[in-house]
Amino acid sequence: MTLIDTLKDDTSRGGTPPKPEAETALSAPQAMLEDLIARASLGDRGAFEAIYDATSQKLYAVCCRILGQGHAAEDAMQDAYVKIWTHAGRYRVTGHSPMTWLITITRNTAIDRLRAQRSGRDVTEYHDIHPAPGSNPETAILARAEAGRISACLDELGEERRRAITGAYLDGLSYADLAERAGIPLNTMRTWLRRGLMALKECVSR
Amino acid sequence: MSERPEDTLPEDALLAAEYAMGLLDGEERRAARSRVSDDPAFAAQVAVWEGRLASMADFDPVPVPAPVRAAVMERIFPRPRKAPFWQRLGLWQTLAGGAAAAALALAVVAFRPADPGAPSRLYPAEIVSVEGDFRVVALVDMQSSEVLLARTAGAAPEGRILQVWAHGPDEPAQSVGLWPAGDNVRLRLPPEIAAVQGVLTLGVSEEPPGGSLTGRPSGRVFGTVDIPGVSPAR
Numbered sequence: 021m022t023l024i025d026t027l028k029d030d031t032s033r034g035g036t037p038p039k040p041e042a043e044t045a046l047s048a049p050q051a052m053l054e055d056l057i058a059r060a061s062l063g064d065r066g067a068f069e070a071i072y073d074a075t076s077q078k079l080y081a082v083c084c085r086i087l088g089q090g091h092a093a094e095d096a097m098q099d100a101y102v103k104i105w106t107h108a109g110r111y112r113v114t115g116h117s118p119m120t121w122l123i124t125i126t127r128n129t130a131i132d133r134l135r136a137q138r139s140g141r142d143v144t145e146y147h148d149i150h151p152a153p154g155s156n157p158e159t160a161i162l163a164r165a166e167a168g169r170i171s172a173c174l175d176e177l178g179e180e181r182r183r184a185i186t187g188a189y190l191d192g193l194s195y196a197d198l199a200e201r202a203g204i205p206l207n208t209m210r211t212w213l214r215r216g217l218m219a220l221k222e223c224v225s226r
Numbered sequence: 114m115s116e117r118p119e120d121t122l123p124e125d126a127l128l129a130a131e132y133a134m135g136l137l138d139g140e141e142r143r144a145a146r147s148r149v150s151d152d153p154a155f156a157a158q159v160a161v162w163e164g165r166l167a168s169m170a171d172f173d174p175v176p177v178p179a180p181v182r183a184a185v186m187e188r189i190f191p192r193p194r195k196a197p198f199w200q201r202l203g204l205w206q207t208l209a210g211g212a213a214a215a216a217l218a219l220a221v222v223a224f225r226p227a228d229p230g231a232p233s234r235l236y237p238a239e240i241v242s243v244e245g246d247f248r249v250v251a252l253v254d255m256q257s258s259e260v261l262l263a264r265t266a267g268a269a270p271e272g273r274i275l276q277v278w279a280h281g282p283d284e285p286a287q288s289v290g291l292w293p294a295g296d297n298v299r300l301r302l303p304p305e306i307a308a309v310q311g312v313l314t315l316g317v318s319e320e321p322p323g324g325s326l327t328g329r330p331s332g333r334v335f336g337t338v339d340i341p342g343v344s345p346a347r
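Those protein sequences? They're chains H and U, same order as listed. Here the first sequence is numbered in my numbering, starting from 21 and rising by one per residue. Here the second sequence is numbered in my numbering, starting from 114 and rising by one per residue.
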């Protein structure tokens, strides 16, 4: 999967902001994936199969992290690809890089399934595929430039906030879940985690 | 707004973060969700947070069990191909080669008039460009195998025309017709589009006069819309 490794949008792993040259070096495979998504949005099955072949191991990894390796992860990934196919026409609207868009859909799909498992209900769609009509090149570039810094910034937040944010994003924990685990009132948890999110935003924007 | 003095981010940015993470519940979640649809600035903030957070889910690839690929394709492309292979290939090649007349002849041959007296099958939809500078309202009439389109914003650039495209769930896009001028157009659906069952996708692109030479959109695709639950005329 060397292809996908080069598709990562975080050129800035290690704290250095992405440089124009890095963006250029990335643009070929990224543009290729964007082109495949555009073709898939017009019903090109071959393009969709190429997207699957180029990204499924990466997206399966997301499902396995959230749901554990096995049938639930496989089912979630199937659901995610159905959404990717159905919503390919809206990809550009989000302003995301291709991998960010694919990972976000997959993560949201897997989290919906995880929550459904926990509460014993059917999978209902918590998340929309955002139409995000306000996205523009500036926000997209901002998001891409910041993406790689989040890991270092999570470390800066300290272990407890890091665990809470990871727990929400990758384990689908709600404020109520987090508050219960920490043994504090929900509003206290919310205020505390919001400060963490603010600090995270400041750190990645530096 | 319940901004606290120590807050350095506006409330919206926090709500966007909480929504992107899935932390909101109940009424707050519903409110945030509808704002994503209606409030471009808020939607953009959610998108930025999604981008930030997605790198937390950037893991090393895990090999996928082989049957999963087949299962995905089976779910997305479930129906057996209905038209004979030679006919489908012929239509595609003539379209791709730009021999529109041959394709049209084939389309006319394959067209079956709908039964009079059957229930009407009307599907309204709107195509909106990403930038919001182009809007078309469409009404697909599967009973009469036509689509009516009306431009409500935007136009083809000077010296270019509009072209309408459509496809069903397991099909490549094919041209529905040209829209050289005017605010409205009524186009006959090609037989394969008139036979679509399930999600019908409509799109509009801008093309050179005479239409795309490639059989696919070659200019800017203003936008597409998925119309679910479409049934062909009986």
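We treat Cβ as the ideally placed atom computed from N, Cα and C, and that holds for glycine.
{"Query": "Nearest neighbour of U:VAL241, chosen from U:ALA145, U:VAL334 and U:MET134 [CA to CA]", "Result": "U:VAL334"}
{"Query": "First through last residue of the alpha helix (DSSP H) which encompasses U:GLU141", "Result": "139 to 151"}
{"Query": "Delimiting residues of the alpha helix (DSSP H) encompassing U:PHE190", "Result": "Counting along the chain, U:PHE190 falls outside any alpha helix (DSSP H), and DSSP gives it neither H nor E."}
{"Query": "Bridge partners - U:VAL317, DSSP secondary structure assignment", "Result": "U:VAL277 and U:GLY336"}
{"Query": "Stretch pair the region 204 to 219 of chain H + the region 141 to 151 of chain U: three plus CB contacts closer than 8 Å", "Result": "no"}
{"Query": "Own chain residues within Cβ distance below 6 Å of U:VAL309, not counting five before or after", "Result": "GLY281 and VAL343"}
{"Query": "Interface partners of H:ASP64 on chain U, CB under 8 Å", "Result": "PRO285 and ALA286"}
{"Query": "Beta-carbon spacing of U:ALA170, H:ARG135 below 8 Å", "Result": "no"}
{"Query": "Under 7 Å from the C-beta of H:LEU217: neighbouring residues of chain U", "Result": "LEU127 and ALA130"}
{"Query": "Interface residues of the region 259 to 279 of chain U facing chain H [CB-CB below 8 Å]", "Result": "TRP278"}
{"Query": "Among U:GLU259, U:PHE247 and U:TRP292, nearest to U:ALA346 - alpha-carbon criterion", "Result": "U:GLU259"}
{"Query": "Residue from U:TRP278, U:PRO303, U:GLY245 and U:THR265 whose Cα sits closest to the Cα of U:MET255", "Result": "U:PRO303"}
{"Query": "C-alpha gap between U:THR337 and U:ASN297, whole angstroms", "Result": "18 Å"}
{"Query": "Three-way DSSP call (helix, strand, coil) for U:ILE306 in this model", "Result": "helix"}
{"Query": "Within 7 Å of chain U by C-beta, residues of the region 94 to 105 of chain H in sequence order", "Result": "GLU94, MET97, GLN98, TYR101, VAL102 and TRP105"}
{"Query": "Complete alpha helix (DSSP H) runs within the region 77 to 145 of chain H (minimum length 4 residues, chain order)", "Result": "91 to 107, 111 to 114 and 118 to 139"}
{"Query": "Helix, strand or coil at U:THR265 [DSSP, three-state]", "Result": "strand"}
{"Query": "Buried or exposed (CB count within 10 angstroms, at least 16 for buried), U:VAL284", "Result": "Before going on, a small fix: residue 284 of chain U reads as Glu here, not Val. When all chains shown are included, U:GLU284 counts as buried."}
{"Query": "Residue burial classification, H:SER139 (beta-carbon count within 10 angstroms, cutoff 16)", "Result": "exposed"}
{"Query": "For U:PRO322, the nearest candidate out of U:LEU313, U:GLY290, U:GLU305 and U:LEU127 (CA to CA)", "Result": "U:GLY290"}
{"Query": "Cβ of U:THR327 within 8 Å of any chain H Cβ", "Result": "no"}
{"Query": "Proximal residues of chain U, C-beta to C-beta of H:ILE123 below 8 Å", "Result": "ALA167, ALA170 and ASP171"}
{"Query": "Closer than 8 Å to chain H by CB, U:LEU315", "Result": "no"}
{"Query": "Under the three-state DSSP convention, the category U:ASP254 falls into", "Result": "strand"}
{"Query": "Cβ distance (whole Å) where U:GLY164 is taken to contact H:THR186 below 8 Å", "Result": "About 17 Å separates the two Cβ atoms, so there is no contact after all."}
{"Query": "Cβ-based burial, U:ARG299 [other Cβ within 10 Å; buried from 16]", "Result": "exposed"}
{"Query": "Proximity test, Cβ basis, 8 Å: U:ALA251 and chain H", "Result": "no"}
{"Query": "Min CB distance U:GLY164 to chain H below 8 Å", "Result": "yes"}
{"Query": "Limits of the unbroken alpha helix (DSSP H) element including H:ILE298", "Result": "The requested residue 298 of chain H is not part of the displayed model; chain H covers only 21 to 226."}
{"Query": "Boundaries (first-last residue) of the beta strand (DSSP E) holding U:GLU239", "Result": "235 to 241"}
{"Query": "Beta-carbon spacing of U:ASP339, U:VAL312 below 8 Å", "Result": "yes"}
{"Query": "Three-way DSSP call (helix, strand, coil) for U:LEU128 in this model", "Result": "helix"}
{"Query": "Neighbour list for H:SER76 in chain U, Cβ cutoff strictly below 9 Å", "Result": "PRO174, VAL177, VAL181, ARG182 and VAL185"}
{"Query": "H:GLU94 beta carbon less than 8 Å from that of U:VAL181", "Result": "yes"}
{"Query": "Spatial distance of U:ALA126 from U:LEU136 (CA atoms)", "Result": "14 Å"}
{"Query": "Contact set for H:LEU193: own chain, Cβ-Cβ below 7 Å, skip 5 residues either direction", "Result": "GLY187"}
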